[in-house]
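Just so you know, the sequence shown maps onto residues 1 to 126 in the UniProt record's numbering.
Below you'll find the structure, written out as structure tokens, and then a few comments.
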Amino acid sequence: MPDLQANKDVVRRYYEMAFAGDPERAAETYAGTRYVQHNPRVADDRPGFVAFVRGLLAQFPGLSVDIKRMIAEEDLVVVHAHVLKGTADPGVAVIEIFRVEDGKVVEHWDVSEPVAATSLNANGMF
1 MPDLQANKDV
11 VRRYYEMAFA
21 GDPERAAETY
31 AGTRYVQHNP
41 RVADDRPGFV
51 AFVRGLLAQF
61 PGLSVDIKRM
71 IAEEDLVVVH
81 AHVLKGTADP
91 GVAVIEIFRV
101 EDGKVVEHWD
111 VSEPVAATSL
121 NANGMF
């Protein structure tokens, strides 16, 4: 049975290190040599991940991530995060799913939605 807390720790370090400006080190340290990507805008493999994150950081120099919650089950870790572009923009709500194998991130899925300026409820997206 996987160590769920260890898997969450690996994903947190990977995610935060990458978006803090060091996706190369994050990929080298925390991603498996085989890395399967399900986001159609990102290539399979570590260099694909690094290129995608580098592109985001270049487009949004003040980009930051705020992990709101993490859930782990079996070999999967789900991250619910608020991605902020460093502007007055309200940001993006993101759900990321990572598969961890032998202490390394080896697969990734994600969906995102811009944070709405108005809402029909008072619950917020987080």
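The beta carbon of each residue, even a glycine, is placed where N, CA and C say it ideally should be.
Member of Lys8, Pro2, Arg99 whose CA lies at the smallest distance from the CA of isoleucine 71: Lys8
How is phenylalanine 19 classed by DSSP in three states: helix, strand or coil? Phenylalanine 19: helix per DSSP, three-state reduction.
For the pair the stretch 45-54 and the stretch 115-123, tell me if three or more CB-CB distances fall below 8 Å. no
8 Å Cβ shell around proline 61 - same chain, five flanking residues per side excluded: Gly86
Touch test, the stretch 16-26 against the stretch 86-103, Cβ-Cβ under 8 Å, three pairs minimum: no
Straight-line Cα distance separating methionine 1 from valine 83: 32 Å
With 16 other CB atoms within 10 Å as the buried threshold, where does histidine 38 fall? exposed
Backbone secondary structure at alanine 43 - three-state DSSP: coil
Indicate whether glycine 32 and lysine 104 have their beta-carbon atoms separated by less than 8 Å. It is a contact, given that the beta carbons lie within the stated cut-off.
Round the Cβ separation of tyrosine 35 and valine 79 to the nearest angstrom and send it over; I've been treating them as touching at under 8 Å. Wrong, their Cβ atoms sit about 16 Å apart, outside the cutoff.
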